[in-house]
Amino acid sequence: MGHTGTAGAGTGREALAAWLVFRTEYAEILYPMERKREPELMVEDAQARAYAEADFNDPHGGYVTLFKEAFGDRGISGYVLDLGCGPGDITFRFARAFPGCTVHGVDGSEAMLGFGWRQLTASPELQGNVELFTGMVPGAELPRERYDAIISNSLLHHLPRPAVLWDEVKLRGKPGAPVFIMDLRRPGSREYARLLVDRHAGSEPEILHRDFYNSLLAAFRVEEVHKQLEKAGLDAFTVKETGDRHLIISGLLP
Numbered sequence: 005m006g007h008t009g010t011a012g013a014g015t016g017r018e019a020l021a022a023w024l025v026f027r028t029e030y031a032e033i034l035y036p037m038e039r040k041r042e043p044e045l046m047v048e049d050a051q052a053r054a055y056a057e058a059d060f061n062d063p064h065g066g067y068v069t070l071f072k073e074a075f076g077d078r079g080i081s082g083y084v085l086d087l088g089c090g091p092g093d094i095t096f097r098f099a100r101a102f103p104g105c106t107v108h109g110v111d112g113s114e115a116m117l118g119f120g121w122r123q124l125t126a127s128p129e130l131q132g133n134v135e136l137f138t139g140m141v142p143g144a145e146l147p148r149e150r151y152d153a154i155i156s157n158s159l160l161h162h163l164p165r166p167a168v169l170w171d172e173v174k175l176r177g178k179p180g181a182p183v184f185i186m187d188l189r190r191p192g193s194r195e196y197a198r199l200l201v202d203r204h205a206g207s208e209p210e211i212l213h214r215d216f217y218n219s220l221l222a223a224f225r226v227e228e229v230h231k232q233l234e235k236a237g238l239d240a241f242t243v244k245e246t247g248d249r250h251l252i253i254s255g256l257l258p
C-alpha cells in the first residue's frame, strides 16, 4: 500500500506540473486576461516627453506601408483626419507620403501637442499640409465637418467606451472614405505584457515602461474589436493582427 501511494503521489505531481506548463503556454487561448482601463489622456509633461522622444520608427515607419497595402492603388487626396494624433509623428509621416492631402490632427493633450507644434514649426515644408488641433473625442471643434479619409494610432485603447471612436469615425468621415486604425492588442497574460515591454522598450525611460505596460493591459483583442464593429454597423471592416503587439482595423465607410 505504501509503495502504491508513493507512485500515485508522484504521478499526481507530474500531472500537475504538466498542467501548469500547458496553462502557461496556452494562457492567451485558455485564460485571456481581462482588460484593465488606463487614463484617457497622457497629460503629464514627463509622459508626453517620453512618448515624443521614444523610438517608434518600427511601428510608425510601417504605418503608411500598411495603409497602402490595405487600400492598394486607391488615390488618397483631400482632407484626412488623424484622431488622437499625440505629438504628430504619424500625422507628419502621412502628409509626406501623400502630398496631395491636408492632414488635420486632433488630440486632447496639450502636453503632447506641444511637441507636435514645435516639430511643425521646424518643418516648413509641411505647414501647408498639416494642422494640429486641441480637442476631445467626441466633441472636438474642427474646421471641417466631414473628411475624405480617417486615420488613427493608439487611441482606441485609451477610450473608456470604444463605441466613441466608431461613432466619431461615422460622424466625421464621408461615405466611401478609407478608415485605417492601428492600435495595441492585449496579450494573454501580464507576464507576456512585461516581456513585450522589455523587448520593445528596454532602453526607454521607466515612465515609458509603465505607460506601455498599462496600455497593453488596456488594449482590446481582435474578437472584441469585431464585436465593437458589429454593434457600430461597421462589420464590413477587416481586423487583423500585425507583429507581436498590434492590430489593424481598415475599411471603407458605407
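Numbering (our numbering), first residue to last: 5 to 258.
Just so it is clear, CB atoms sit at the ideal spot from N, CA and C, and this is done for glycine as well.
- Counted as a single uninterrupted DSSP element, the alpha helix (DSSP H) harbouring residue 118 occupies residues 114-125.
- Judged by their CB atoms, residue 185 and residue 253 are nearer to each other than the 8 Å cut-off.
- Per DSSP, reduced to three states, the secondary structure at residue 224 is strand.
- The DSSP-derived three-state label of residue 137 is strand.
- Around the Cβ of residue 81, a 10 Å sphere holds fewer than 16 other Cβ atoms; the residue is exposed.
- Cβ contact annotation for residue 188 (same chain, cutoff 7 Å, sequence separation greater than five): 158, 161, 219, 220, 223, 249, 250, in chain order.
- Annotation: the continuous alpha helix (DSSP H) that includes residue 204 extends over 194-205.
- Within the same chain, Cβ atoms closer than 7 Å to the Cβ of residue 68 are found at 97, 98, 101, the five residues on either side in sequence being excluded.
- The stretch 227-240 and the stretch 199-216 do not touch, with fewer than three beta-carbon pairs separated by less than 8 Å.
- Within the same chain, 87, 141, 156, 159, 160, 163, 185 come within 8 Å of residue 169 by CB-CB distance, once the 5 residues on both sides are set aside.
- In this structure, the alpha-carbon of residue 258 lies about 28 Å from that of residue 92.
- Judged by beta-carbon spacing, residue 236 lies within the 8 Å limit of residue 167, meaning their Cβ atoms are closer than that value.
- Counting along the chain, residue 178 sits inside no beta strand (DSSP E), nor does DSSP assign it H or E at all.
- Annotated as proximal: residue 39 and residue 190, with beta-carbon spacing under 8 Å.
- The beta carbon of residue 176 sits closer than 7 Å to those of 85, 150, 151, 154, all from its chain and outside the five residues before and after it, given in chain order.
- In its chain, beyond the 5 residues on either side, 226, 251, 252 have a beta carbon closer than 8 Å to the beta carbon of residue 244.
- Here residue 207 is exposed, its C-beta having fewer than 16 other C-beta atoms within 10 Å.
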